[in-house]
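Undergrad: Below: one structure in structure tokens.
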């Protein structure tokens, strides 16, 4: 077993993987940036107080992603229970509406919005599999290690996710085409 | 992994997503500082309560273990063994100790063999007998036999608590029914015997 890293070393490693960690946290939190940021803060807190320790059994990235996934899952559970048991809507501070840069919003293409929408419709495991394979450029083996399931299961999720995404995109593209043609010529019957 | 057209398209979409999310991702220093501040805030309170929580966990663990042990040891005994009638304690030990030397003494001495210490043999015999009795006591067959004999003795000797109240001096006379063809002599004889 490798000796435990010093906090300065851990911090340097975390800084290196911060943006990819945030992307992974987004994927684990249903693309909610505020929730993802909160999860990332909790992960750093866990590392600081020693609840999460890197022991060198896998790569630092694999370990960090596993911690993020578990923290996100526990946060989701807590939120769900809070909503279920308490009348959270009344007690919690209302969330500030997400401020989005208008220029950025304009920049966001129609295809991209459709892709985001289609991705959000997939089950969590399929989303995570696609994220790790296409976003993080990981192999199926590494993906399996990070999610904590077998390679066979990952392969299944990967295949199903791609098929579902294709169907969803085709569907939305078709709708978009019809909408677009309607806008161009309102009298057309389709 | 070989990429076909569909994979390439998905990868391109993800690349775009990645670029956008990188732009919106919070700064590392900001996130780290918030976590660190939270750690310092929580750290003191946690340290303050750590020993008590550890103690509580330890006490709970001990309690659970002792409960489990008690349940595994006492419960089968309580459930399986029926309650036995009260018997004097000396019965078995005495019987077995008495029976054991008899068994040893019944063995004929081998020809040519002279017992080494006939006079001083008694204590050793007793010791052997006690050992045997202990062994017999420990064996499950013997214990079962003992339980059975206790049951039988108990049943045959059992008397109701009010049986004494039903006894009287002329109890025996009342049980005897005189016959018509019996001679008075015999009757007298019997009565004289019985009254004496």
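Protein chains in written order, with our numbering: chain A, 1 to 190; chain B, 1001 to 1196.
Positions of the beta carbon are idealized from the N, C-alpha and C atoms, including for glycine.
At a Cβ cut of 7 Å, what residues of the stretch 42-71 of chain A count as close to chain B, listed as they run along the chain?
TA: Against chain B - using a Cβ distance shorter than 7 Å - the residues of the stretch 42-71 of chain A are 44, 45, 48, 49.
Undergrad: How would you label residue 1068 of chain B, buried or exposed, when you count the other beta carbons within 10 angstroms and need 16 or more for buried?
TA: Exposed is the call here.
Undergrad: Return the residue from the list A:113, A:20, A:30 that minimises the CA-CA distance to residue 169 of chain A.
TA: Per the Cα distances, A:113.
Undergrad: Could you tell me whether any Cβ in chain A is nearer than 8 Å to the Cβ of residue 1022 of chain B?
TA: Yes, residue 1022 of chain B counts as interfacial toward chain A.
Undergrad: Need the endpoints of the alpha helix (DSSP H) that residue 1157 of chain B sits in, please.
TA: Residue 1157 of chain B -> no alpha helix (DSSP H), and no H or E assigned at all.
Undergrad: List the endpoints of the continuous alpha helix (DSSP H) containing residue 33 of chain A.
TA: It spans 33-48 - the alpha helix (DSSP H) in which residue 33 of chain A sits, taken as one unbroken run.
Undergrad: What residues from the stretch 1143-1163 of chain B come within 8 Å of chain A, judged by C-beta to C-beta, listed N to C?
TA: The residues in question: there are none.
Undergrad: Report, in whole angstroms, the separation of the C-beta atoms of residue 61 of chain A and residue 131 of chain A, which I expect to be a contact under 8 Å.
TA: No, residue 61 of chain A and residue 131 of chain A are not in contact; Cβ-Cβ is about 14 Å, not under 8 Å.
Undergrad: Helix, strand or coil: which one does DSSP assign to residue 54 of chain A?
TA: Residue state, collapsed to three classes: coil.
Undergrad: Measuring only the C-alpha atoms, how far is residue 140 of chain A from residue 151 of chain A?
TA: C-alpha separation (whole angstroms): 6 Å.
Undergrad: Just how far apart, CA to CA, sit residue 19 of chain A and residue 50 of chain A?
TA: Straight-line Cα distance between these residues: approximately 22 Å.
Undergrad: Leaving out five residues on either side along the sequence, give the residues of the same chain with a beta carbon under 8 Å from the beta carbon of residue 129 of chain A.
TA: Hits under 8 Å: 143, 147, 154, 157, 158, 161.
Undergrad: When the Cα atoms are used, what is the spatial distance from residue 1032 of chain B to residue 40 of chain A?
TA: Whole-angstrom Cα-Cα distance: 9 Å.
Undergrad: Does DSSP classify residue 114 of chain A as helix, strand or coil?
TA: DSSP places residue 114 of chain A in helix when its eight states are reduced to three.
Undergrad: So, does the stretch 18-33 of chain A touch the stretch 1009-1021 of chain B, judging by three or more C-beta pairs under 8 Å?
TA: Contact holds: three or more Cβ-Cβ distances are below 8 Å.
Undergrad: Check the Cβ of residue 23 of chain A against every Cβ in chain B and list those closer than 9 Å, keeping chain order.
TA: Correct list: 1017, 1018, 1021, 1022, 1025.
Undergrad: Could you name the residues of the stretch 73-88 of chain A whose beta carbon sits closer than 9 Å to any beta carbon of chain B, in the order they occur along the chain?
TA: Within the stretch 73-88 of chain A, no residue qualifies.
Undergrad: Between the alpha carbons of residue 1175 of chain B and residue 1163 of chain B, how many angstroms are there, rounded?
TA: Going by the C-alpha atoms only, they are around 16 Å apart.
Undergrad: How big is the Cα-Cα spacing for residue 164 of chain A and residue 121 of chain A?
TA: In a straight line, the C-alpha of residue 164 of chain A is about 9 Å away from that of residue 121 of chain A.
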